[in-house]
Each structure stands twice: as structure tokens, then as C-alpha cells.
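Contents: one structure, followed by commentary.
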């Protein structure tokens with residue numbers, strides 16, 4: 234039971250992380266297009282660190 238609950242929590246965190254990254258990318262692209270490249274690099278590095286913690 235606790236194992237399936239943990240899986241659900243991981244899925245929720247997974248989708249929440251994607252929403253946060255997508256929001257950051259959208260805002261940076263709207264504010265300043267040149268920030269988009271650095272934001273993509275930051276988002277990919279941050280995502281890799283998040284996946285590494287699992």
C-alpha cells in the first residue's frame with residue numbers, strides 16, 4: 234500500500250516539476266528571448282539533478 238502511495242507521490246512531483254519548468258521557460262521567453270537559452274540549460278541541469286535524487 235505504501236509502495237503505491239510512494240509511486241503516486243513521485244508521479245505528482247514529476248508532473249509538478251515539468252509544470253514549474255514550463256512556466257519558468259514561458260516567462261523568460263516572454264520577458265527576454267535571450268534568457269531562453271540559459272533557462273533551457275538551467276532547466277535541463279535541474280531536471281537531471283531531480284531525476285538523480287530518485
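Residue numbers (the working numbering): 234 to 287. Ideal Cβ positions, reconstructed from N, Cα and C, are used throughout, including at glycine.
(1) Short check: CB of residue 327 to CB of residue 283, under 7 Å?
(2) What's the C-alpha gap between residue 244 and residue 266?
(3) Over the uninterrupted alpha helix (DSSP H) stretch that includes residue 282, give me the two end residues.
(4) Mark residue 261 as exposed unless 16 or more other C-beta atoms lie within 10 angstroms of its C-beta, in which case mark it buried.
(5) Roughly how many angstroms lie between the CA atoms of residue 278 and residue 240, to the nearest whole one?
In short:
(1) Residue coverage of the chain in this structure runs from 234 to 287, which leaves residue 327 outside it and unanswerable.
(2) 31 Å
(3) 268–286 is the span of the alpha helix (DSSP H), which, as asked, contains residue 282.
(4) buried
(5) Straight-line Cα distance between these residues: approximately 23 Å.
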